[in-house]
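Colleague: Please read through the structure below; I'll follow up with questions.
In our numbering, the protein residues as written are 2 to 530.
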């Protein structure tokens, strides 16, 4: 094998706070056999647009054509047909740099030469392991890729297990797609300090993420906003400015612990159209469900993810494990409570604005059922509104359960009745009939019995795995709490199931829990009086 490229062509981006192991385990596969041909690797690399510092800057370039010279690592000269040479320093996206080049030369960046050859740009490299690229023929490029990419030993950074060159390229492509989606975001507003360490890697576009607390610091053309945590005056100033606002919210597999206890999210969603829980306007998730195309491989992956979530007892905030016994022979109907001033209730709840009203409507629908009410964990923790005195709840429900995880309650239930709660989605994953009284994101697609005013926009009929593909595979972003790298959802589910959530009960979490218990006690005394 020729002398290996240094650094290797495939690399893990330097996501903020990440602590990953190396992607490359060794210089060559023992025995020298390549798993993929150079031609196949070329196609994969071009499709993923990875190699070198693919997360780097994309500076303004002179009009094409121009000659590009890599004078040293992260140092480039661009010589346009007319005008003075342009010098660029710092890590740059090689695919961007070669986009208008008529020729690329220099030995300061080997990855740049490979990317140029992949892009069909003539390369001048008189010596070294890439000298054959100067010939300009595909056979030479494919031979180099077979040696410099195909015969390298790779390790999956999440599992540590050996992986193929094709899988390593796909993973780098996954990161590139996330980085490219973030490049236009100039600042982030409404992110508490405790959220920033896990949000930063998911918002990173190759440059430091600017977390701003006021409109003056939130400069740029596109701002990521956590609306519920942004001061009204700041939000008003941003909305009045000529700025594109991207809504950010927790993902549907969030963490092992409550956000109200300041447990940082391991999953978020970004939405440039609206937000998933507001049916008054379209959202990116609604568009995926209305118009998205899901191939067989995606649906098979969605089915496997759904089965993994159910098998491991994963829900938004916790990992389940408890088993509940049936109380009697009546149909068991679970009613998950919600935070009454939560934006999902205010925007999607319609006429149902309180947990007591939800219980009243459920009892009207199911007068002969054994109705089980489970208060929302944020309400139980004392942080949010929505508490009902037990006496009032039991006038409509047969039972109140608090401690068992929502997954155990769903497993027990024959039906789940919700306002807009995510528990309805979790019930669908577990094959339970779901009735909606508000308009959650999963209503209106033929999977639920809907009593709320579903928008006419939702005309498509979707399968459960199509819903999972949209809501869990395509819409959110996930962070691996072990490596600090953005990851596929399957990795986060396994980490949570293993108890490796990366969360610790620090001072802030402890103070929030004490505060919640104090509020809960005060609320109980008020009801008792």
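All C-beta atoms, glycine included, are put in the ideal place defined by N, C-alpha and C.
Counting only the same chain and skipping the five closest in sequence on each side, list residues whose C-beta sits under 8 Å from that of residue 494.
Modeller: One-based indexing of the chain shown puts residue 494 at position 493. Correct list, in chain order: 254, 306, 309, 310, 313 and 315.
Colleague: Which residues in the same chain have their Cβ closer than 7 Å to the Cβ of residue 109, if we skip the five residues on either side of it in sequence?
Modeller: Counting from one through the chain shown, the residue named residue 109 turns up at place 108. Result list for residue 109: 71, 72, 73, 74 and 76, in chain order.
Colleague: Which full runs of the beta strand (DSSP E) of 3+ residues lie inside the stretch 144 to 221, going along the chain?
Modeller: The stretch 144 to 221 contains these whole beta strand (DSSP E) runs: 154 to 156 and 188 to 190.
Colleague: Taking residue 123 as part of the beta strand (DSSP E), name the residues at either end of that continuous run.
Modeller: Walking along the chain shown from the start, residue 123 turns up at place 122. No beta strand (DSSP E) holds residue 123; DSSP gives it neither H nor E.
Colleague: What did DSSP end up calling residue 508 once you bin it into helix, strand or coil?
Modeller: Position 507 of the chain shown, counted from the first residue, corresponds to residue 508. Residue placement at residue 508 is flagged as unreliable, the pLDDT there being 41, under the threshold of 50; the coordinate-derived value follows with that caveat. Residue 508 falls in the helix class under three-state DSSP.
Colleague: Who are the Cβ neighbours of residue 184 in its own chain at under 6 Å, not counting the five residues just before and after it?
Modeller: Translated into positions along the chain shown, residue 184 becomes position 183. Excluding residues within five positions, the ones whose Cβ falls inside 6 Å are 206.
Colleague: Could you check whether the stretch 422 to 430 touches the stretch 388 to 400, counting it as contact only if at least three pairs of C-beta atoms, one from each stretch, sit closer than 8 Å?
Modeller: Contact fails: fewer than three Cβ-Cβ distances are below 8 Å.
Colleague: Consult DSSP for residue 531 and reduce its assignment to one of helix, strand or coil.
Modeller: Examination of residue 531 is not possible in this model, given that the chain is present from 2 through 530 alone.
Colleague: For a test of the three-state rule: what should DSSP assign to residue 77, helix, strand or coil?
Modeller: Numbered from its first residue, the chain shown carries residue 77 at position 76. In the structure shown, residue 77 sits in a strand (DSSP, three-state: E or B).
Colleague: Which residues share a DSSP beta bridge with residue 337?
Modeller: Counting from one through the chain shown, the residue named residue 337 turns up at place 336. Paired residue(s): 375.
Colleague: Secondary structure at residue 435, three-state DSSP: helix, strand or coil?
Modeller: Along the chain shown, one-based indexing puts residue 435 at 434. Residue 435 falls in the strand class under three-state DSSP.
Colleague: By the three-class DSSP mapping on this structure, what secondary structure does residue 466 have?
Modeller: Position 465 of the chain shown, counted from the first residue, corresponds to residue 466. Residue state, collapsed to three classes: helix.
Colleague: Within the same chain, show all residues whose beta-carbon is closer than 8 Å to that of residue 226, passing over the 5 residues directly before and after it, in chain order.
Modeller: Here residue 226 corresponds to residue number 225 of the chain shown, with the count starting at 1. Within the same chain, residue 226 has close Cβ partners 189, 190, 191, 236, 239, 246, 247, 248 and 249.
Colleague: Is there contact between the stretch 125 to 135 and the stretch 86 to 103, where contact requires at least three CB pairs shorter than 8 Å?
Modeller: In short, these stretches do not touch, since the Cβ pair count stays below three.
Colleague: Assess, as a yes-or-no matter, whether the stretch 108 to 122 is touched by the stretch 78 to 87 under the definition of 3 or more beta carbon pairs within less than 8 Å.
Modeller: No contact exists between the stretch 78 to 87 and the stretch 108 to 122.
Colleague: From what residue to what residue does the alpha helix (DSSP H) around residue 269 run?
Modeller: The residue given as residue 269 occupies position 268 in the chain shown. Segment 268 to 272 is the beta strand (DSSP E) holding residue 269; no alpha helix (DSSP H) there.
Colleague: Where does residue 412 fall in DSSP's three states?
Modeller: Residue 412 sits at position 411 when you count from the first residue of the chain shown. Helix at residue 412.
Colleague: Within a Cβ cutoff of 7 Å, which residues of the same chain sit near residue 114, ignoring the five residues on either side of it in sequence?
Modeller: If you number the chain shown from 1, residue 114 lands on position 113. Closer than 7 Å at the Cβ level, and outside the excluded window around residue 114, lie 105, 124, 126, 131 and 134.
Colleague: Pick helix, strand or coil for residue 131, following the three-state DSSP scheme.
Modeller: The count along the chain shown starts at 1 and reaches residue 131 at position 130. Note: residue 131 maps to coil in three-state DSSP.
Colleague: So, do the stretch 164 to 174 and the stretch 206 to 220 have three or more beta carbon pairs nearer to each other than 8 Å?
Modeller: The stretch 164 to 174 vs the stretch 206 to 220: no contact.
Colleague: Within a Cβ cutoff of 6 Å, which residues of the same chain sit near residue 37, ignoring the five residues on either side of it in sequence?
Modeller: On the chain shown, position 36 is the one that residue 37 refers to. So the qualifying residues of the chain are 151, 166 and 167.
Colleague: Identify, in the order they occur along the chain, each residue of the same chain with its Cβ nearer than 6 Å to the Cβ of residue 216, setting aside the five sequence neighbours on each side.
Modeller: Within the chain shown, residue 216 is the residue found at index 215, counting from 1. Closer than 6 Å at Cβ, skipping near neighbours: 235, 238 and 239.
Colleague: Taking the beta carbon of residue 219 as the centre, do at least 16 other beta carbons fall within 10 Å, making it buried, or is it exposed?
Modeller: As a first step, residue 219 must be located in the chain shown, where it is residue number 218. Burial call: buried.
Colleague: Residue 69 bridges to which residues according to DSSP?
Modeller: The residue given as residue 69 occupies position 68 in the chain shown. In DSSP, residue 69 forms a bridge with 79 and 105.
Colleague: With a 10 Å radius around its C-beta and 16 neighbouring C-beta atoms as the bar for buried, classify residue 32 as buried or exposed.
Modeller: Locating residue 32 in the chain shown gives position 31, counting from the first residue. A caution first: residue 32 carries a pLDDT of 48, below 50, which makes its placement in the model unreliable, though a value can still be read off. Residue 32 should be labelled exposed.
Colleague: According to DSSP, is residue 315 part of a helix, a strand, or is it coil?
Modeller: Working through the chain shown from its first residue, we reach residue 315 at position 314. Reduced to three states, the DSSP call for residue 315 is strand.
Colleague: If you drop the 5 nearest sequence neighbours on each side, which residues of the same chain put their C-beta closer than 8 Å to that of residue 511?
Modeller: As a first step, residue 511 is located in the chain shown; it is residue number 510 there, counting from the start. Reliability of the predicted coordinates at residue 511 is poor, the pLDDT of 43 falling under 50, and no value is obtained from them.
Colleague: Using three-state DSSP, classify residue 89 as helix, strand or coil.
Modeller: By 1-based counting over the chain shown, the position of residue 89 is 88. Here residue 89 sits in strand by DSSP.
Colleague: Checking the sheet assignment: what are the DSSP bridge partners for residue 245?
Modeller: What you label residue 245 is simply residue 244 of the chain shown in a count that begins at 1. Looking at the DSSP assignment, residue 245 forms a beta bridge with 223.
Colleague: Using three-state DSSP, classify residue 52 as helix, strand or coil.
Modeller: Within the chain shown, the letter at position 51 stands for residue 52. Coil.
Colleague: How close, in whole Å, do the beta carbons of residue 373 and residue 414 come, if the pair is a contact with beta carbons under 8 Å?
Modeller: As a position in the chain shown, residue 373 is number 372, starting the count at 1. As a position in the chain shown, residue 414 is number 413, starting the count at 1. Confirmed, Cβ separation roughly 7 Å.
Colleague: Please report the distance separating the alpha-carbon of residue 53 from that of residue 298.
Modeller: Along the chain shown, read from residue 1 onward, the residue named residue 53 stands at position 52. Along the chain shown, read from residue 1 onward, the residue named residue 298 stands at position 297. Going from the Cα of residue 53 to the Cα of residue 298 covers about 29 Å.
Colleague: From the DSSP secondary-structure annotation, give me the bridge partner or partners of residue 27.
Modeller: By 1-based counting over the chain shown, the position of residue 27 is 26. Paired residues: 154.
Colleague: Using CA atoms only, rank isn't needed, just tell me which of 63, 78 and 473 is closest to residue 69.
Modeller: Working through the chain shown from its first residue, we reach residue 69 at position 68. For the residues 63, 78 and 473, the minimum Cα distance to residue 69 belongs to 78.
Colleague: Quick one: grab the DSSP three-state call for residue 114.
Modeller: Here the question's residue 114 lines up with position 113 in the chain shown. Looking at residue 114 - three-state DSSP - the assignment turns out to be helix.
Colleague: Give me the Cα-Cα distance between residue 274 and residue 17, rounded to the nearest whole angstrom.
Modeller: To locate residue 274, count along the chain shown from 1; it is residue 273. To locate residue 17, count along the chain shown from 1; it is residue 16. Taking the straight line joining both Cα atoms gives about 27 Å.
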